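Undergrad:
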Amino acid sequence: MITRRVEDLGAFGGAPAFAEPLPVGQLYVPDWDKAEAVFREIFRRRYFTNHGPLVRELDKRLAAYLEVGHAVCVTNGTVALMVALKALDLRGEVIVPAFTFPATVQSLTWAGLTPVFCDVDPATHNITADLAGPLVTDRTTAILGVHVWGRACDPDGLEALCAKRGLALLYDAAHGIDCTYRGRRIGGFGKVETFSFHATKVFSAAEGGCLTTNDDALADRIRAVRNFHLTEGKANVSLRINGKMTEAQAAMGLLALDDLPRNVAHNSSIWNVYRKRAADWRGVRFVDTAGGERSNFQYAVLEVDPANCPLQRDTLYRLLRTENVLARRYFMPGVHRTPPYCDEFRGVLPVTDSLCARLLQLPVGAAVTTDSASTICDLVQFYLENSEEIIQRMRQAGGQQDS
Ligand code: T4K
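In the numbering used here, the protein residues as written are 5 to 407.
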């Protein structure tokens, strides 16, 4: 437990609790000797991209790991979405959450599709068949679900809805590697799922992504769209792109796959520190992103109830940042409130708006230890126990508590 006084907090000129910034994100670094060996081989071969041996190996190993027919690696998670939409040859409207990273929705716009925003369930933060059903019209062509925080997005309900209404179902599984639904790994749901291997993700290729499907014909189309000319993928598709993963990315990915169980176990220990300590915080709920399933524990999410917590979410966020704890407020402000969508959007998404105002993500990942997680918890507890004095000092310093 910290023994500091309020005036010693980073916010009031004291030294930050952490000398180095602690970000939200895995930021995995592979073993140096192993990385050197694999990069020496790339340089020896002088084969850097265009479906090289490491990309092909990663495709194969990911398909086996995710227990799915095909895994097709690409440049990043955003390109994975764009390739998926073109490979499915979708037109018209697609139902999608606004409570997601902008890339989910922007990929629809890039593919010439119209996003129709769906609100989310307050417990899981995901869209459901009950919420999406009333939005289906004769212009709807697909539903793009997102497994937010790695928690599966109503696969049974959405599968049934899409089958009944003749819609394609695809998933943005950017957060979902190593997570399950009813014991089945994310990767095999819907027609196609897309993953992100960004440096901040638990499985990192620095940048990277992949598409997974059990449909052989769709996999051929995906491989065709991924490559801008005809050397790979003979399927007849309307538009292609350069979505190729490089050998350097695949090398990182293969090392990350070997280390994935260890990284998940590490995240789990940190996540559990937060979970246990948050149980004592007034007006703060630790969101159970695992939901009783296997999880990668990549996101530690707090929900701050403005009516019961002595400090506002944004005040906690700012206080933590002055201690070098780079907490995040995903997915504020909600994609419906950002260009190019905000001018046209006329609906209401009360749960999305509420989550955007209440959620706070704490650091998890390779740079975080259980000791640093405990110190972060000490800080939050200290803030809550000394909230009145903190608010008073902030007012004196000319700032108000954030609304
Ligand atoms: N769908 C969903 C649901 C997604 O969440 C995402 C991406 C996508 C699709 C698209 O996938 P990609 O095209 O990105 O593969 C981060 C990531 O950039 C983004 O990949 C991720 N979702 C999102 C949830 O988080 P930012 O802009 O909030 O964080 P960023 O990149 O600024 O980094 C976070 C912290 O990590 C910062 O404090 C800086 C630090 N950092 C970051 C990098 C990249 C480092 O210290 N070292 C680094 O190399 O988006």
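Think of the CB as a built atom: it goes at the ideal place given N, C-alpha and C, for glycine as much as any other residue. Source: prediction; values computed, not measured.
According to the neighbour-count rule (16 or more other Cβ atoms, all chains shown, within 10 Å of its Cβ), is THR108 buried or exposed?
TA: By the neighbour-count rule (16 or more Cβ atoms within 10 Å), THR108 is buried.
Undergrad: What's the C-alpha gap between ASN312 and THR293?
TA: So the alpha carbons of these two residues sit roughly 22 Å apart.
Undergrad: GLY81: which of ALA167, GLY187, VAL352 and ALA209 sits nearest, CA to CA?
TA: The shortest Cα separation from GLY81 among ALA167, GLY187, VAL352 and ALA209 belongs to ALA209.
Undergrad: Do the CB positions of LEU259 and PRO34 come within less than 9 Å of each other?
TA: Result yes, Cβ atoms of LEU259 and PRO34 sit closer than 9 Å.
Undergrad: Quick check on DSSP: helix, strand or coil for PRO101?
TA: Correct three-state label for PRO101: strand.
Undergrad: Under 8 Å: does the beta carbon of LYS248 sit that close to some heavy atom of the ligand T4K?
TA: No, the Cβ of LYS248 stays beyond 8 Å of every heavy atom of the ligand T4K.
Undergrad: Could you give the uninterrupted runs of the beta strand (DSSP E) lying entirely in the stretch 190–277, keeping only those of 3 residues or more?
TA: DSSP runs (the beta strand (DSSP E)) wholly in the stretch 190–277: 196–200 and 213–217.
Undergrad: Let me confirm a value: ALA331 is counted as buried when at least 16 other C-beta atoms fall within 10 Å, else exposed. Which label applies?
TA: Classification for ALA331: buried.
Undergrad: Buried or exposed: CYS360, going by 16 or more other Cβ atoms within 10 Å of its Cβ?
TA: Per the 10 Å Cβ criterion, buried.
Undergrad: So does ASP176 have its beta carbon nearer than 8 Å to some heavy atom of the ligand T4K?
TA: Yes - the ligand T4K has a heavy atom lying nearer than 8 Å to the Cβ of ASP176.
Undergrad: Verify the contact flag: GLU211, CB atom, against every heavy atom of the ligand T4K, threshold strictly below 8 Å.
TA: Within the cutoff, so yes.
Undergrad: Does ARG143 pass the burial test, meaning 16 or more other C-beta atoms within 10 Å, or should it be called exposed?
TA: Exposed is the call here.
Undergrad: On the premise that ASN271 lies in contact with ILE181, defined as a C-beta separation below 8 Å, what is that separation, rounded to the nearest angstrom?
TA: So it is not a contact: roughly 12 Å between Cβ atoms.
Undergrad: Among the residues of its own chain, which have a CB less than 6 Å from the CB of PRO20, if the five just before and after it don't count?
TA: Excluding sequence neighbours, PRO20 sits near GLY14, GLU327 and ASN328.
Undergrad: Does DSSP put GLN396 in a helix, a strand or coil?
TA: Correct three-state label for GLN396: helix.
Undergrad: Kindly indicate the opening and closing residues of the alpha helix (DSSP H) around LEU89.
TA: Residues 81–91.
Undergrad: Confirm the yes/no value for this check: CB of VAL229, any heavy atom of the ligand T4K, distance under 8 Å.
TA: Not so, every heavy atom of the ligand T4K lies at least 8 Å from the Cβ.
Undergrad: Look at the Cβ atom of LEU320, then the Cβ atom of TYR387, and state whether they are nearer than 9 Å.
TA: Result yes, Cβ atoms of LEU320 and TYR387 sit closer than 9 Å.
Undergrad: What's the gap between the Cα of GLN396 and the Cα of HIS202?
TA: Rounded to the nearest angstrom, the two C-alpha atoms are 41 Å apart.
Undergrad: Going by Cα to Cα distance, which pick from PHE105, VAL124 and THR204 is closest to LEU85?
TA: Taking only the C-alpha atoms, the option nearest LEU85 is PHE105.
Undergrad: Taking the straight line between their C-alpha atoms, what separation do you get for SER407 and GLU389?
TA: Interpretation of SER407 is limited by its pLDDT of 43, a score under 50 that renders its predicted location unreliable; the figure taken from the coordinates is listed afterwards. Taking the straight line joining both Cα atoms gives about 20 Å.
Undergrad: Are ASP160 and ILE131 touching if we call contact CB-CB under 9 Å?
TA: Result no, Cβ atoms of ASP160 and ILE131 do not sit closer than 9 Å.
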